[in-house]
Amino acid sequence: MKDFVYDPPIDPPVILYQDAAILVVDKQAGLLSVPGKLEGREDCLERRLRLAYPGTLLVHRLDCDTSGVMIFARNKAAQGFLGQEFEKRRAKKSYVARVYGELRPDAGQVDAALCADWPNRPRQMIDPVNGRPAVTDWQVIGREEGATRVRLHPLTGRSHQLRVHMLSLGHPIIGDPIYAEDMPEAPRLMLHAETLGLHHPASGEWVEFAAPVPF
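Numbering (our numbering), first residue to last: 16 to 230.
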């Protein structure tokens with residue numbers, strides 16, 4: 016696994032939507048969602064938002080190298096409500112990824128339990144005995160020379176789920192520094208959280224947010 020050098024983008028967060036209860040942001044690739052445990056990794060999306068929007072509260076996370084839609088709460092009641100949307104799997108998410116090779120057939124599902132690969136953290140691995148259930152639906156949306164563009168629908172929310180599930184099909188995500196280290200390099204991890212739908216914590220109505228795919 017390549018050494019991780021944290022050099023986050025300096026651009027301010029892109030706000031997709033905001034009201035008195037929620038703040039929806041298009042997270043940049045290369046920016047931590049929350050502060051890292053090691054020195055020099057304090058800068059993160061959560062901290063930047065709290066400086067600009069005091070009282071912002073974390074609801075969920077995206078991997079540092081993943082870009083796309085994230086939702087934050089603006090009060091404790093909204094945070095609790097949104098947390099339940101994710102925990103009860105009412106929130107619906109879709110991602111777009113580019114993977115190495117020609118992925119066949121045109122659609123499928125990966126049902127493979129995951130757990131931490133403790134000696135090689137932060138790697139995760141498939142473990143049908145000790146792992147937690149993890150399910151991903153996938154659909155091909157484009158084919159390119161040496162690569163396939165897919166839309167991914169995680170039905171569970173395990174750490175590195177999409178990355179490990181694509182690897183299990185023999186098609187790791189392009190630019191993955193952990194699971195595709197022997198593949199040709201790319202400028203970034205080609206994984207983007209494209210859409211997020213859930214119930215609004217104030218109105219209870221179903222709302223959907225989207226961030227344009229940057230690759």
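For each residue, glycine too, the CB sits at the ideal point set by N, CA and C.
Going by CA-CA distance only, name the one from the options that's closest to residue i.
i    : options               : result
P273 : D80, Y32, A36         : This structure cannot settle anything about residue 273, because the visible part of the chain is limited to 16 through 230.
K91  : A67, V84, V74         : V74
S218 : A35, V29, V20, D22    : A35
G95  : D58, H215, W221, K108 : H215
V150 : V29, Q124, P120       : Q124
G161 : H186, L38, F101       : H186
L211 : M205, G146, V40, A225 : A225
Could you tell me if residue i is buried or exposed, where buried requires 16 or more neighbouring beta carbons within 10 angstroms of its beta carbon?
i    : result
Q154 : exposed
Y194 : buried
Y32  : exposed
P28  : buried
What are the boundary residues of the alpha helix (DSSP H) that residue i is part of?
i    : result
R164 : Not the alpha helix (DSSP H): R164 falls in the beta strand (DSSP E), residues 162-169.
E159 : No alpha helix (DSSP H) contains E159, which is instead part of the beta strand (DSSP E) from 150-159.
Q43  : Element bounds for Q43: n/a, residue is neither H nor E.
L177 : 176-183
Return the first residue and the last residue of the beta strand (DSSP E) that residue i is part of.
i    : result
E223 : 221-225
Original post:
Does the stretch 106-116 touch the stretch 124-131, meaning 3 or more C-beta pairs lie closer than 8 Å?
Top reply: Touching, no.
Original post:
Do the stretch 171-183 and the stretch 135-146 touch if we need at least three Cβ pairs shorter than 8 Å?
Top reply: Yes, since at least three Cβ pairs between the stretch 171-183 and the stretch 135-146 fall closer than 8 Å, the two stretches touch.
Subject >> Every unbroken beta strand (DSSP E) within the stretch 60-143, with a cutoff of 3 residues, ordered by chain >> reply: Entirely contained in the stretch 60-143, the beta strand (DSSP E) runs reaching 3 residues are, in chain order, 82-88, 107-115, 122-126, 129-131, 139-141.
Original post:
Are three or more beta carbon pairs between the stretch 115-122 and the stretch 167-176 nearer than 8 Å?
Top reply: Not touching, per the Cβ criterion.
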